[in-house]
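2 protein chains.
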Amino acid sequence: MSTRPRSTRPAVGITEVARRAGVSPGTVSNVLNRPERVAEATRLKVEAAISELDYVRNSSGSSLRSGRSDSVGLLVLDVTNPFFTGVARGVEDEAAEAGLAVVLLNSAESQDRQRRNVRLLAEQRAAGAVVMPVDDDLSDLLWLSHQGTSWVALDRGDVAEDVGCSVSVDNHAGGLAAGRHLIGLGHERITFLTGPFAIEQVRRRHEGLRDAFTDAGMDPDAHVRVVEQPMLNPQQGERAVDTVLAGGPRQRPQAVFCANDQLALGLMKGLGRRGLRVPDDISVVGYDNVDLADLVHPGLTTVAQPKYDLGRTAMRLLGSELNDPGHRHERVLFTPELVVRGSTAAYRP
Amino acid sequence: MSTRPRSTRPAVGITEVARRAGVSPGTVSNVLNRPERVAEATRLKVEAAISELDYVRNSSGSSLRSGRSDSVGLLVLDVTNPFFTGVARGVEDEAAEAGLAVVLLNSAESQDRQRRNVRLLAEQRAAGAVVMPVDDDLSDLLWLSHQGTSWVALDRGDVAEDVGCSVSVDNHAGGLAAGRHLIGLGHERITFLTGPFAIEQVRRRHEGLRDAFTDAGMDPDAHVRVVEQPMLNPQQGERAVDTVLAGGPRQRPQAVFCANDQLALGLMKGLGRRGLRVPDDISVVGYDNVDLADLVHPGLTTVAQPKYDLGRTAMRLLGSELNDPGHRHERVLFTPELVVRGSTAAYRP
DNA sequence: GAGGGTTGTTGACACGTTTCAATCCGGGTG
DNA sequence: CACCCGGATTGAAACGTGTCAACAACCCTC
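Residue numbers (this note's numbering), protein chains in the order written: chain Y, 20 to 368; chain X, 20 to 368.
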């Protein structure tokens, strides 16, 4: 007979530990949750029993009893969105410190799937959630609060403070910074290459760009042209080349500001295929500062969002909402930062 | 008095639904779990009560009772690893179809954190887990099986079939394909730019490359040089340029096969900075086919791994392990595919 | 009309934890 | 010596669900 453990072991719970330590279940519970209330000697006995029996606590039990679980949801638009990974890391780290587990749920841009996921969170009696809402319709989230699960909205600065917290980045400031940079380089004909204007973030970036011209005493209508594509991915960026360049060399933009790095990278590929050089023939600015913006040649000038801090802050806010009884909803706004690389240069007539 | 719901509602459980429907709790449970066992009329009554009371099931309760929760863990090396997102999508989709929630846990390349995460899964009595192990030490996973949570290893083909399932991609075949491609283009001096050889995947790719030479009747030792960097990221790729090019134009490789797209992209950036053109002066092959491999100029020839299918298959295997009592551990091996783009060209002396 | 089978429903219990009032004990005080 | 106090521990009662043996009602057959 070896000491090899049975493949299915008899469930060992708090009660069995109690028996082994010659103590009541309540005491074991105290050892686990409020060790200060229990005498040194008994604590040691119990801890010994715990490790001898290789006891692991059953979180279903405690969630059931306390009415709330110790996991939080991270409801994300799209796992493949490069913006997401940075945020996830921030949320993960902060949650780990608070002893919370993160449940990743993917809405895949679908309203229907978002609803299913919200429901799942409610069933789990999740402690809270960090959510990137799929669209302007917040009814799912309101229902969730009503179920007793609080949340923090990500990148949705327009959430009223009486319904929930939000953490976002100032898109207007980002557009403004990009605009100023290009104007400073002497560019006067700028195209804003974007996804659907239905997306609030995109609209704000556009306004920022226009305000940069206004601030410089120039009429935005005369200098900013818009090319709108149905999606914010590289394929759309590449496809947009024709439209962007339409009108011949005299008409074509001196610089393109893209609502997204993905679009920008696609566009640069398309430009290269057309024999146009960046930044000699045309400057390009992106938005997001994805990891690989630094790897293309030339490097992509872009507006960096503090992804990690965004996630981390959202989770911290959620923590405060969970623990601090006097919590008031808060709206945190980060300011993005322009990262200048090789894809922009002074205009040479 | 408006009909606005109280902000904290009285907990409504299966019993309250039962009362409302004039039926016993057991019946409500049956309606939820085995609707076929209950008569049409009562089913409708119960369903009505459920929606009137806006009942949502409490998964803590059911997990406690059944001893197993309905969520699976996805234990990932590093959320920022580009390989991961594709896998995650596959796991997500398959899990969603099976009605399972995915708990994302990030090991951040740390053995210690992996251990904490495994423990968390045990506490949650997770149904199962899809795991990318942090290193060769499988003791955490064995402990997890012993706790009754089964798992599927990802990209770890060396897991013995008597301890668990595994899904992986044939790294040897990938190296072989890359090697054949380059040899076919007439290249004879090839450098293998890689991360630490301690990583099994990397070793296998190297062997594949060497075997391509052997198969062609050439001595690998004479044609393959190795440059080993401490990590598999773009910075290391860029930094490696000096070593790769050492020895002057007559000695330098005609082509570089990188263990990783990240390395390859970094290398290409470094080569560009040195004034060397890809593929005219030197050909480059990567590994992984990350999204942006198609966006750099020239496009990166690379070995594509079926990330999505990998995740999906892992989750499917896990499902079979959970439901099928006669389950035998399985080892699935995918074959990678070479994607030829602009970064490789025939050797021109 | 008694017996037997089928279909639907019931009650009660168990899962593992936390909580809280009640109890126990030892030492200090009047 | 009676009393009380405070710290340490106990025991029992929930939390919401799933299971299962038992029971009720019904139909069919001989």
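Glycine included, each C-beta is placed from N, C-alpha and C at the ideal position.
Which partner residues of residue i appear in the DSSP bridge assignment?
i: L123 (chain X); result: X:L93
i: D189 (chain X); result: Answer is none; D189 (chain X) lacks a bridge partner.
i: T233 (chain X); result: Paired residue(s): none; T233 (chain X) is not in a bridge.
i: T34 (chain Y); result: Paired residue(s): none; T34 (chain Y) is not in a bridge.
i: I209 (chain Y); result: Y:V243 and Y:A274
Using beta-carbon positions only, say whether residue i and residue j come within less than 8 angstroms of one another.
i: E257 (chain Y); j: P215 (chain Y); result: no
i: A115 (chain X); j: D89 (chain X); result: no
i: D174 (chain Y); j: M151 (chain Y); result: yes
i: L211 (chain Y); j: L228 (chain Y); result: For clarity, residue 211 (chain Y) is Phe in the given sequence; the question names Leu instead. It is a contact, given that the beta carbons lie within the stated cut-off.
i: D97 (chain Y); j: A127 (chain Y); result: yes
i: Y327 (chain Y); j: G109 (chain Y); result: yes
i: T46 (chain X); j: V31 (chain X); result: no
i: L311 (chain Y); j: L284 (chain X); result: yes
i: E276 (chain Y); j: A197 (chain Y); result: The question names Glu, but residue 276 (chain Y) in the sequence shown is Phe. Yes; because the gap between Cβ atoms is below 8 angstroms, this pair is in contact.
i: L329 (chain Y); j: V186 (chain Y); result: yes
i: L286 (chain X); j: V263 (chain X); result: yes
i: G183 (chain Y); j: H348 (chain Y); result: yes
i: T354 (chain X); j: L201 (chain X); result: no
i: E122 (chain X); j: V171 (chain Y); result: Here residue 122 (chain X) is Val; the residue named in the question, Glu, does not match the sequence. No, these two residues do not count as a Cβ contact at 8 angstroms.
i: V91 (chain Y); j: L337 (chain Y); result: yes
i: R39 (chain X); j: E71 (chain X); result: yes
i: Y366 (chain X); j: G205 (chain X); result: yes
i: E340 (chain X); j: G147 (chain X); result: yes
So, helix, strand or coil for residue i, using DSSP?
i: R244 (chain Y); result: strand
i: E113 (chain X); result: helix
i: S362 (chain X); result: coil
i: R350 (chain X); result: strand
i: A60 (chain X); result: helix
i: G147 (chain Y); result: strand
i: E356 (chain Y); result: strand
i: V171 (chain X); result: strand
i: A107 (chain X); result: helix
i: T99 (chain Y); result: coil
With a 10 Å radius around its C-beta and 16 neighbouring C-beta atoms as the bar for buried, classify residue i as buried or exposed.
i: R23 (chain Y); result: In this prediction, R23 (chain Y) scores a pLDDT of 38, lower than 50, which makes its location untrustworthy; no coordinate-derived value is stated.
i: L251 (chain Y); result: buried
i: N136 (chain Y); result: buried
i: P54 (chain Y); result: exposed
i: R25 (chain Y); result: Residue placement at R25 (chain Y) cannot be trusted, given a pLDDT of 40 that sits under 50; the coordinates are not used to answer.
i: N342 (chain X); result: exposed
i: P272 (chain Y); result: buried
i: S81 (chain Y); result: buried
i: P249 (chain X); result: exposed
i: N279 (chain Y); result: buried
i: R14 (chain Y); result: Outside the shown range of chain Y (20 to 368) lies residue 14 (chain Y), about which nothing can therefore be said.
i: V359 (chain X); result: exposed
i: P298 (chain Y); result: buried
i: V233 (chain Y); result: What sits at residue 233 (chain Y) in the sequence shown is Thr, not Val. With fewer than 16 Cβ atoms within 10 Å of its Cβ, T233 (chain Y) is classed as exposed.
i: L63 (chain Y); result: exposed
Along the alpha helix (DSSP H) that carries residue i, what are the first and last residues, could you check?
i: S158 (chain X); result: S158 to H165
i: S43 (chain Y); result: It is not in any alpha helix (DSSP H) - S43 (chain Y) carries neither H nor E in the DSSP assignment.
i: I3 (chain Y); result: Absent from the structure is residue 3 (chain Y), since the part of chain Y shown begins at 20 and ends at 368.
i: D131 (chain X); result: Q130 to E142
i: V322 (chain Y); result: Unbroken run through V322 (chain Y) is the beta strand (DSSP E), T320 to A323; no alpha helix (DSSP H).
i: D328 (chain X); result: K326 to N342
i: L284 (chain Y); result: D280 to R292
i: P369 (chain Y); result: With chain Y covering 20 to 368 only, the question about residue 369 (chain Y) has no answer from this structure.
i: G80 (chain X); result: S78 to S85
Check for me: the beta strand (DSSP E) holding residue i runs from which residue to which?
i: G305 (chain X); result: S302 to D307
i: A274 (chain Y); result: A274 to C277
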